[in-house]
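Before any comments, here is the structure.
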RNA sequence: GCCCAGGUAGUAUAGUUCGGCCUAGUAUAUGCGGCUGUCGCCCGCAGGACCCGGGUCCAAAUCCCGGCCUGGGCGCCA
């Protein structure tokens with residue numbers, strides 16, 4: 201098929217901007233054919249663009265013969281441009297339709313699409329991800345990512361307002377930041393290097409100069425996780441603040457979450473409606489549970505965990521039923537947290553690390569960091585890590601490391617909470633997991 | 001890494017219990033035809049599938065073995 205050139209046409213409106221008071225006006229629209237209903241003498245197309253849909257109506261005997269000929273070729277997902285007249289009508293849900301006067305075909309599509317784009321026969325996640333570029337055109341998916349976009353925008357503007365600087369630290373690193381073996385190796389000009397699993401060490405080093413920093417970016421974990429809340433590549437929203445402790449950054453965090461929920465609730469009403477999801481903006485302050493309290497609460501559900509042990513998923517699920525919203529867990533056993541988390545001065549077996557939970561999902565983890573070099577070296581050794589491989593990080597502690605604290609939000613997990621999606625891959629454009637490397 | 005479940009047209013499913021009535025049903029999608037107000041349009045027609053390999057049996061989508069692939073749970077974590 202010969203495709204048309206876009207020529208000097210410019211879009212005058214998105215579909216969502218067409219209202220009944222534009223009756224009689226000529227508009228230029230760009231978009232895709234989402235659905236076709238041909239009744240014989242009259243033919244309807246649903247035109248979709250980023251912002252929504254609108255009906256194109258072709259009364260076959262009363263439309264330009266050229267338009268009729270052109271629309272004979274149209275199939276689902278063809279991208280088109282059209283000029284047409286806005287017509288007020290009582291016969292469409294939105295009270296308007298477009299009578300095209302000129303149509304250009306800009307892109308074609310296969311006859312048999314790999315997914316049903318009208319939503320009559322929903323596909324499984326696997327089929328959806330295999331055809332992800334098409335899947336993302338579905339209104340529900342557009343809505344989910346619009347919510348993610350809005351959430352991130354809210355977080356950024358809030359942090360800017362609090363004086364944080366946005367930074368960019370390396371993704372290619374020489375040694376582990378968290379310990380353990382869950383790193384992807386890369387060949388760096390013959391040297392062994394790794395993909396960063398977090399910006400942890402760099403953001404701490406930046407508190408020496410910029411004091412309050414944040415970073416949004418992808419990080420990599422080579423864990424063979426097989427769950428609906430893990431990715432091999434995920435997006436982290438990290439902050440680190442000088443002259444602050446866990447209490448300070450927890451207060452900041454709950455404000456960030458509150459502000460984000462409020463913004464999404466207020467500005468994404470259309471998207472939430474499309475998703476059929478309602479969520480309550482959480483009340484401040486969030487509940488703060490200590491690790492010890494959590495163990496007590498779990499006993500009432502019949503789960504007994506010896507002090508010092510990690511809390512298994514099954515227990516978190518029970519806890520989520522007890523606290524079906526956001527809550528902090530504080531005062532974790534020191535050995536259960538990363539080496540850079542500061543032990544409490546009055547009670548060193550417990551640390552100043554915290555998690556922000558949403559039901560059973562660990563959404564954020566953070567804490568006061570160790571700012572004394574000797575203590576950090578000691579903790580590295582306790583964790584079985586070699587201080588020599590952290591040499592370049594440890595030098596920062598010779599240059600006046602301030603007391604500091606920070607946290608990291610899992611952006612996709614936050615999006616799950618804001619959209620009601622149960623599988624993290626649904627809220628990741630092109631998810632990477634244990635088995636998926638394409639598309 | 002460990003443990004479960006499962007692979008049937010483009011998509012989603014029925015059928016597998018207890019092998020035969022499966023020449024594999026249904027919905028939707030696709031193609032063709034019809035229809036002037038549809039909006040999950042409607043009506044008719046058509047084409048389209050049992051993951052791969054081996055085994056048992058008169059007979060395998062169905063049972064057995066091996067493989068491949070996928071989903072989910074655990075651990076770990078954001």
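Numbering (this note's numbering), first residue to last: 201 to 639.
All C-beta atoms, glycine included, are put in the ideal place defined by N, C-alpha and C.
For residue 333, the enclosing alpha helix (DSSP H) has its first and last residue at 332-335. For residue 301, the enclosing beta strand (DSSP E) has its first and last residue at 296-307. Residue burial is scored here from C-beta neighbours: residue 592 has fewer than 16 other C-beta atoms within 10 angstroms and is therefore classed as exposed. The beta carbons of residue 561 and residue 551 sit no closer together than 8 Å. Excluding five sequence positions before and after residue 471, the CB atoms of its chain that fall closer than 7 Å to its own CB belong to 343, 346 and 347, given in chain order.
Counting every other CB atom within 10 Å of its CB across the protein chains shown gives residue 201 a total below 16, marking it as exposed.
Per DSSP, the beta bridge partners of residue 433 are 420.
Per DSSP, residue 596 lies in no beta strand (DSSP E) segment and is marked neither H nor E. By the neighbour-count criterion, in which 16 or more other beta carbons inside 10 Å mark a residue as buried, residue 553 falls on the buried side.
The C-beta separation of residue 505 from residue 495 comes to about 6 Å, placing the pair in contact by the 8 Å criterion.
Measuring C-alpha to C-alpha distances from residue 521 to each of 288, 557 and 439 identifies 557 as the nearest. With respect to residue 255, residue 317 sits apart: the two C-beta atoms are not nearer than 8 Å. Residue burial annotation: residue 450 is buried, with at least 16 other C-beta atoms found within 10 angstroms of its C-beta. The shortest CA-to-CA distance from residue 311 to any of 328, 333 and 274 is the one to 274.
At least 8 Å separates the beta-carbon of residue 563 from that of residue 517.
Residue pairing from DSSP places residue 228 in a beta bridge opposite 283. Taking every protein chain shown into account, the CB of residue 394 has 16 or more other CB atoms within 10 angstroms, so this residue is buried.
Positions of the beta strand (DSSP E) runs, each at least 3 residues long and wholly inside the segment 551-629, are given as 553-558, 561-568 and 604-610 in order along the chain. Taking a 10 Å sphere around the C-beta of residue 341, we find 16 or more other C-beta atoms and assign the residue as buried. In the DSSP assignment, residue 487 is bridged to 527. Per DSSP, the continuous alpha helix (DSSP H) segment holding residue 472 begins and ends at 469-475. In this structure, residue 279 lies near residue 307, with their beta-carbon atoms less than 8 Å apart. Shown here, residue 502 sits in coil according to DSSP, grouped into three states, outside any helix or strand. Within the segment 254-284, the complete alpha helix (DSSP H) segments at least 4 residues long are 265-272, listed from N- to C-terminus. Residue pairing from DSSP places residue 393 in a beta bridge opposite 386. Judged by DSSP in its simplified three-state form, residue 240 adopts coil rather than helix or strand.
Excluding the 5 residues flanking it on each side, residue 477 has same chain C-beta neighbours closer than 7 Å at 619 and 620, in chain order. Straight-line measurement puts the Cα of residue 414 at about 12 Å from the Cα of residue 605.
When C-alpha distances from residue 226 are compared across 623, 302 and 388, the shortest belongs to 302. Contact between the segment 570-580 and the segment 357-366 is not established, with fewer than three Cβ pairs separated by less than 8 Å. Of the residues 629, 634, 637 and 633, the one whose Cα lies closest to the Cα of residue 349 is 629. The distance from the Cβ of residue 284 to that of residue 299 is about 6 Å, consistent with a contact at the 8 Å cut-off. By the C-beta density criterion, residue 625 is buried, having at least 16 other C-beta atoms within 10 angstroms. Residue 228 sits close to residue 281, with the two beta carbons spaced by under 8 Å.
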